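Contents: one structure, followed by commentary.
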Amino acid sequence: MRPLTDEEMKTVFEKISKYIGRNVQHLVVRPDEKFCFRLHGDIVYYVSEKLMRQATNIGTEQLLSLGTAVGKLTKSKKFHLRITFLDHLAQYAKYKVWIKPNSEMSFLYGNNVVKSGLGRITEGTPQYAGVVVYSMNDVPLGFGVAAQATE
1 MRPLTDEEMK TVFEKISKYI GRNVQHLVVR PDEKFCFRLH GDIVYYVSEK LMRQATNIGT
61 EQLLSLGTAV GKLTKSKKFH LRITFLDHLA QYAKYKVWIK PNSEMSFLYG NNVVKSGLGR
121 ITEGTPQYAG VVVYSMNDVP LGFGVAAQAT E
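Once you know that position 149 of the sequence shown is 149 in UniProt numbering, the rest is easy, because the numbers rise by one and skip nothing.
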């Protein structure tokens with residue numbers, strides 16, 4: 001487990017900022033505890049500094065996972081965000097989409113959300129912006145890219 005290099009950190013923050021904008025700083029500097037991003041293998045983890053210090057006693061071969069998996073850095077230096085980070089994205093989401101109950105299952109099985117399935121959407125959402133998808137009961141279901149702008 002090691003800290004991310006500047007290039008890796010830039011790649012991760014660019015991807016996360018598509019969904020939460022300038023709120024990326026709230027992920028690292030939190031009022032309750034300090035958190036950091038660590039790389040183990042090719043997976044990026046979001047972990048509290050207290051837990052990270054305790055994990056230094058465990059060898060890298062025995063350590064399977066630590067904290068919340070944010071995503072994976074590929075060999076071509078791209079970053080793929082994972083669904084396990086959805087709770088943190090949903091807290092600070094800039095653009096949100098709520099879908100009707102009849103299209104929730106369709107979305108969860110990997111299909112696109114059609115216009116008739118939209119319950120409401122955040123005002124001012126630009127085209128191709130990263131959005132967090134919620135059910136009508138404000139339960140985060142996933143994240144994606146807006147196909148149409150709200151203007």
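Ideal placement from N, C-alpha and C gives every residue a C-beta, glycine not left out. Since the model is a prediction, treat every value here as computed from it, not as a measurement.
Nearest in C-alpha terms to Leu141, of all of Leu63, Arg38 and Val113, is Val113.
Around the beta carbon of Glu7, fewer than 16 other beta carbons lie within 10 angstroms, which makes this residue exposed. In the DSSP assignment, Tyr46 is bridged to Phe37 and Thr68. Nearest in C-alpha terms to Val44, of all of His88, Gly67 and Arg30, is Gly67. Taking the Cα positions, Lys100 is about 18 Å away from Val145.
For Phe85, no alpha helix (DSSP H) segment is defined, and its DSSP state is neither H nor E. Under the criterion of beta carbons closer than 8 Å, Leu89 and Tyr19 qualify as touching, at roughly 5 Å.
Take Ser48, set aside five residues on each side of it, and the residues of its chain with a beta-carbon closer than 6 Å to its own are Glu33 and Phe35, in chain order.
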